[in-house]
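Protein sequences appear in the order of chains U and L.
Residues in the first sequence are numbered from 1 upward in steps of one, following the working numbering.
Residues in the second sequence are numbered from 487 upward in steps of one, following the working numbering.
Beneath this line is the structure, given in structure tokens, with notes to follow.
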Amino acid sequence: MNGAGAEAGAQPGMMLADARAVCPQIHTAPADPAGDLAFLEQLATWSQRWGPWSALDQPDGVLVDITAAAHLFGGEERLLADVERAFVRRGLMVRTAIAPTAGAAWALAHFGPPRTIVGPQEDMMRRLGDLPVAALRLDADVLTVLRRLGLKRLGDLAGITAGPGVADDDRDYRQHEASGRDALHRRFRNRKSPAANPLIRLDQLLGRVPEPLLPVIPQSVPMVQRRLVEPIRHRSLLDRVLDDLAIDMARDLEGRGEGARRLELGLWRVDGEVIVRHLELASASREPAHITRLFADRLDNVDAGFGIETVRLRASWAEPIAAQQGDVEQTAQRHGTSLAACIDRLTVRLGPHAVRRPVPRASHLPERAVRWHPPLDPLPVSQGMLEFHQRPLKLLDRAERIAVLYASPDGYPQRFRWRGEVHEVIRMEGPERIAPEWWREKSSVRLRDYYRIEDAEGRRYWIYRHGIAGDGRGGAPDWYLQGLCA
Amino acid sequence: MPDAASSPGAKAPHAFPISRRGKRAGATFSPPTDATLSAGEIAALSKSREGRWRPGLSDQPWHSEIFSETADASGAGLALGLARDALSAASREDDPLAEPEDRRQVLWVQDARAVQRGGRPYLHGLPHELRDRLIHVEAKTPEDALFALEEGLRCHDLACVIGEVVGNPRALDFTASRRLSLAAEKHGVALWLIRLEALPDLSSARMRWRVEAAPSTAPRWNAAAPGPPAWKAELFRARTHAPGKWTLSNDDGNLYVHTPATTRGDDRRPDASYDRTSYTRRVGSRRPADSGDLVRATVGRSLAAVARG
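Right, here's the structure in full:
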């Protein structure tokens, strides 16, 4: 909310209808926290023109470290004047302050007189003592507690921790300080976060304890683009532009010593539409031919409309790869593609979930004991597999129900029907009992008794009985066929 | 069994022009680079080419097809057995500079119907050395499966490619199989394509097998349990070998020819005597003496086909 709105009577937290009733000509815009944050990041990077190092202070502040930089602007006053001038030129309102610690500068900028400058030699408590305790960057509930305790200004808080203003003698003074600080310390003894503990905040403000800040580091993403004189409508021209972009991108990435993992291709159409195509690579690569080939599959359904005027290629995720010497003889001998290129081509055409590798998972249930991972990811660390039993070569996605003839419900299967064909069980090994995982499943889940069987024609299967008769978890147990042995 | 000398190849002209063939790694018989061959050389050539297939041959074709049913995993089992056999044979012959352990990946491509009908490979049931080297591709259509197979064959970092396609899809015609053959031979990556529930239509595969499950021998310690996998395999079309039928067994990672005497007869009781000597272990160039009567004589192969090889 700006000053004009506040003068007209609108307040933060007010409902929009009330605000409109108070001030009919009020202008509103929807909240955009993500956009504000992005703008603030940009502003923090821009603010590094006054100092080598800056940090975000969400939601609406920027901290700049101007240590040993003020003389470049002709002193601290002129530096602040320059800051205000620059912000006004961008159409932004700003309140500025300079202080030896980040906490003190924040307090002065939010609650102090404008353009305050506190030097390192000055008594900080005297300059800051009149500010409200809200200047300590505390949470709202802590502020309520402090207000109930009657501590309204920074001076009050400092007075408690430092004892009565004039100490009679040195011993008395130190005793007072210890008792006041102990009382406050006990009050907030289990508040570890600085924003919830006024003592930590006060010490940070006075520079007694260090306050770590996260600096903003600008990071540029490799990006190449072509603005086209004549909008293109044909695929062959687009392929040509893409070739050029891929070569530019390869040069850019080579200069950084990186390879792209994710690429975004943006096509700006004349009529204002933007078409974006994403591509993710199995391993970092900067080969122009590979990139072009992968994008060629993605460009089949592009509707050029009245023409495409700008094409932009961005590597939003890049990983370092070492420069490799091209070996002429080796490439001549080892024709064909590398594994990463092969995986990329398969993934682009068939989708990321079609190309996977099985990795073991700690589970007793056969279908849960395998997890499917992307093919070139490093193998997760897992315990060695215990192999007491043979497992089938192939496992059906869903175990198929079979009709089984048996001598007794708990006995061995003698004959079963699967997919309309009757199989005579000749040889059999089992049962191997696999109990449900009680720590994960409901108590009504039935156990499984697995049998490895061979029928009269030598076909080998892995079947199980789901539950045992009389286990109180349902009627007569069903039989399922789950795996095909080699 | 009639010797190869009685085959039409022996009644050859005295000199036969042979085109210069590219040298393939691991060929048992490398033809002389001279443009002509004498009758004796042709006889030796035809004999070496028309020899019966046996496990452990180093001259494995790059493209084989295996026809089987979806009701059992014998197709996948035999494909894995043949693939491991070929890879171990290739690693025996390779130069000493090669890596001691093969760490290349194996690509296993299935189309959606193959996954639905026959399931997908199960990690804990795979051979040990393949467990962390398998990349599985699930293609929705046969066209996508063929694309994945061809991309895999073009990749020089793969040990081999195994494919499973159900039926006779329109996309898998002679042209497609020829593409696969050429890609496999050019880049030196072997392909075993499992054709589930398919008719043996026109194809350019160098070896074509038909396989079904066979009763296994009884394990030594539990005679009532199913033993190591065994298959009745029929090689019904091969470019360099005579057709034949074998009962193959895959025990502790090696492919054996299983003598017919040890297959179970009518009695349903498992054969308790487990005699390792009844197997013919594949060793070097020793000829499997006991599989001879299963192989029929080579007929109808022209000399030109032999020389073209």
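We put the CB at the ideal spot given by N, CA and C, even for glycine.
At a cut-off of 9 Å between beta-carbon atoms, tryptophan 418 of chain U makes contact with chain L. Neighbours of histidine 622 of chain L in chain U, taken as residues at a C-beta separation under 8 Å, are given in chain order as Val355, Arg356, Arg357, Pro358, Trp372.
Leaving aside the five residues that flank alanine 598 of chain L on each side, the residues in its chain whose CB is nearer than 6 Å to its CB run, in chain order, Lys626. Rounded to whole angstroms, the gap between the alpha carbons of proline 380 of chain U and tryptophan 372 of chain U is 11 Å. Comparing C-alpha distances from glycine 561 of chain L to each of L:Asp588, L:Pro607, L:Glu698, L:Gly605 shows the shortest one belongs to L:Glu698. Note on the segment 274-326 of chain U: whole alpha helix (DSSP H) runs with a minimum of 4 residues are 288-298, in chain order.
With the criterion set as a beta carbon lying under 9 Å from some beta carbon of chain L, the segment 182-195 of chain U has no members that meet it. Taking 9 Å as the threshold, the shortest C-beta distance from isoleucine 343 of chain U to chain L falls below it.
Here threonine 661 of chain L is exposed: its Cβ has fewer than 16 other Cβ atoms, across all protein chains shown, within 10 Å.
Counting C-beta pairs with one atom in each stretch, the segment 635-648 of chain L and the segment 608-615 of chain L have fewer than three that are closer than 8 Å, which means they do not touch. With contact defined as three or more Cβ pairs closer than 8 Å, the segment 472-484 of chain U and the segment 393-401 of chain U are in contact. Non-local C-beta neighbours of proline 288 of chain U in its own chain, meaning closer than 8 Å and more than five positions away in sequence, comprise Asp243, Ala246, Ile247, Met249, Ala250, ordered along the chain. Runs of alpha helix (DSSP H) with 4 or more residues, each lying fully within the segment 666-726 of chain L, are absent. Bridge partners of alanine 34 of chain U according to DSSP: none are assigned. In this structure, the alpha-carbon of glycine 159 of chain U lies about 20 Å from that of valine 118 of chain U.
Under a criterion of Cβ atoms nearer than 8 Å, no residue of chain U is adjacent to alanine 728 of chain L; the nearest Cβ is some 25 Å distant. Ranked by how close their Cα comes to the Cα of arginine 233 of chain U, the residues U:Val302, U:Arg277, U:Leu206 have U:Val302 in first place. Not one beta carbon of chain U lies nearer than 9 Å to the beta carbon of aspartate 738 of chain L. Identification of chain L residues near lysine 394 of chain U by a Cβ-Cβ cut-off of 8 Å yields Ala559, Ala562, Gly604, Gly605, Arg606, Pro607, Tyr608, Gly611, ordered along the chain. Residue-level contact by beta carbon holds for arginine 427 of chain U and chain L, with a gap shorter than 9 Å. The C-alpha of phenylalanine 87 of chain U lies about 7 Å from the C-alpha of methionine 93 of chain U.
Shown here, histidine 364 of chain U sits in coil according to DSSP, grouped into three states, outside any helix or strand. Annotation: glutamate 84 of chain U to threonine 96 of chain U spans about 8 Å, alpha carbon to alpha carbon.
Among the residues facing chain U, glycine 542 of chain L is not included, as its CB has no counterpart in that chain under 9 Å away.
Shown here for leucine 63 of chain U: same chain residues with a beta carbon closer than 6 Å to its own, the five before and five after excluded, namely Ala55, Asp57, Ala102 in chain order. In terms of Cβ geometry, leucine 149 of chain U and alanine 135 of chain U do not form a close pair [threshold 9 Å]. With respect to chain U, the C-beta atom of proline 715 of chain L has a partner C-beta closer than 9 Å. Contact annotation: in the segment 374-408 of chain U, residues whose CB is within less than 7 Å of a CB in chain L are Pro375, Leu379, Met385, Arg391, Pro392, Leu393, Lys394, Leu395, Leu396, Asp397. Using a CB distance below 8 Å, the part of the segment 625-651 of chain L facing chain U consists of Ala625, Lys626, Asp630, Phe633, Ala634, Glu637, Gly638, Arg640, Cys641, His642, Asp643, Leu644, ordered along the chain. Along the length of the segment 200-254 of chain U, whole beta strand (DSSP E) runs at least 3 residues long occupy 223-232, reported in chain order. Leucine 138 of chain U and leucine 37 of chain U have their C-alpha atoms roughly 21 Å apart. Histidine 673 of chain L belongs to the set of residues whose beta carbon lies under 9 Å from a beta carbon in chain U. Among the bridge pairs identified by DSSP, tyrosine 480 of chain U is matched with U:Arg401, U:Tyr464.
Under the rule that a run must span 4 or more residues, the alpha helix (DSSP H) segments found entirely inside the segment 577-622 of chain L read 598-604.
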